[in-house]
Amino acid sequence: MEAHTVKIKSIEKITRDVVRIILEKPPGYSFIPGQATEIAINKPGWTEEKRPFTFTCLPTQEYLEFTIKTYPSHKGVTNQLLQLVPGDELIIHEVWGAIAYKGEGTFIAGGAGVTPFIAILRHLHSINKITGNKLIFANKTKADIIHEVELTRLLGSGFINILSGEPISGYASGMITEQFLKDNSAGFDKKFYVCGPPPMMDAVQGFLTNLGVGNNAVVVEI
5 MEAHTVKIKS
15 IEKITRDVVR
25 IILEKPPGYS
35 FIPGQATEIA
45 INKPGWTEEK
55 RPFTFTCLPT
65 QEYLEFTIKT
75 YPSHKGVTNQ
85 LLQLVPGDEL
95 IIHEVWGAIA
105 YKGEGTFIAG
115 GAGVTPFIAI
125 LRHLHSINKI
135 TGNKLIFANK
145 TKADIIHEVE
155 LTRLLGSGFI
165 NILSGEPISG
175 YASGMITEQF
185 LKDNSAGFDK
195 KFYVCGPPPM
205 MDAVQGFLTN
215 LGVGNNAVVV
225 EI
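Residue numbers (my numbering): 5 to 226.
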């Protein structure tokens with residue numbers, strides 16, 4: 005797929021370090037919920053600095069949306085994104101990604117690892133097939149939870165938050181453990197979708213193996 009230069013329609017912060025960017029959608033551009041593309045900034049010195057980001061909109065929508073965690077201290081691409089305004093341009097490339105919905109189950113996300121699941125869960129809700137799925141979302145603090153209100157609306161009691169950095173009533177506290185998965189999963193005869201920082205993914209996949217979940221039941225990015 006060829007590269008496309010598209011204008012930013014809107015850009016806004018939705019948490020202290022996460023931005024929601026809405027872009028023009030090129031004619032014929034398509035993706036499956038959970039997939040991603042590489043993005044570069046159409047400014048001198050940045051056009052070859054491509055970074056992978058996941059679509060968080062629905063494929064049927066007339067725009068493209070990305071929900072991106074930024075790292076201002078790194079002085080890299082995401083810091084540059086914070087300087088952009090509507091009318092500035094990004095370059096989007098080929099669609100790729102292995103995370104796709106393969107049946108009811110438990111979505112396990114750490115931080116910005118929730119982004120492929122946002123598109124999948126929005127899609128399932130739009131076709132009335134979200135029942136039977138759960139989302140376990142690990143963050144440091146409540147302020148870090150991306151789209152908490154929307155995900156609560158979509159999943160109800162199936163949206164389970166765990167916070168490692170602060171104890172808050174109504175939220176689980178600590179790190180995801182084997183026992184936590186045992187107590188909160190949608191069932192071990194269903195699928196597990198895992199996305200987050202590599203150490204978290206390694207730990208969760210180890211827990212799932214210990215709990216008897218086969219590799220064919222675990223969906224991760226490859």
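Yeah, the Cβ is synthetic: ideal placement off N, Cα and C, and Gly gets one too.
(message) Please classify residue 220 as buried or exposed, where buried requires at least 16 neighbouring CB atoms within 10 angstroms.
(response) exposed
(message) Judging by CA-CA distance, which residue of 208, 102, 96 is the nearest neighbour of residue 25?
(response) 96
(request) Return the chain-ordered ranges of every alpha helix (DSSP H) run that is complete within the stretch 30–100 and spans a minimum of 4 residues. (result) 81–85
(message) Can you check which of these residues, 165, 81, 131, 76, is closest to residue 185 by C-alpha distance?
(response) 165
(request) Pick out whichever of 42, 72, 14, 33 has its Cα sitting closest to the Cα of residue 21. (result) 72
(message) For a quick check, are the C-beta atoms of residue 112 and residue 180 less than 8 Å apart?
(response) yes
(message) Please identify the residue among 135, 128, 132, 168 whose C-alpha is closest to the C-alpha of residue 145.
(response) 168
(request) Tell me, please, which residues DSSP counts as bridged to residue 221. (result) Partner(s): none; residue 221 has no beta bridge.
(request) Give me the Cα-Cα distance between residue 222 and residue 198, rounded to the nearest whole angstrom. (result) 7 Å
(request) Output the distance between the C-alpha atoms of residue 92 and residue 151, rounded to the nearest integer angstrom. (result) 25 Å
(request) Using beta-carbon positions only, say whether residue 55 and residue 69 come within less than 8 Å of one another. (result) no
(request) Would you grab the beta carbon distance between residue 60 and residue 140 for me? Rounded to a whole angstrom, and I think it's under 8 Å. (result) That pair is no contact at about 19 Å.
(message) Checking 8 Å against the spacing of the C-beta atoms, do residue 88 and residue 172 come in under that value?
(response) no
(request) State the start and end residues of the unbroken alpha helix (DSSP H) segment that holds residue 20. (result) Careful: residue 20 lies outside any alpha helix (DSSP H) and carries neither H nor E.
(message) Can you find the residues in the same chain that come closer than 6 Å, C-beta to C-beta, to residue 99, ignoring five residues on each side of it along the sequence?
(response) 35, 39, 41
(message) With the cut-off set at 8 Å, would you say residue 114 and residue 148 are in Cβ contact?
(response) no
(request) Mark residue 75 as exposed unless 16 or more other C-beta atoms lie within 10 angstroms of its C-beta, in which case mark it buried. (result) exposed
(message) I'd like the span of the alpha helix (DSSP H) that includes residue 103, first residue to last.
(response) Element bounds for residue 103: n/a, residue is neither H nor E.
(request) Would you kindly work out how many angstroms separate the C-alpha atoms of residue 29 and residue 23, rounded to a whole number? (result) 18 Å
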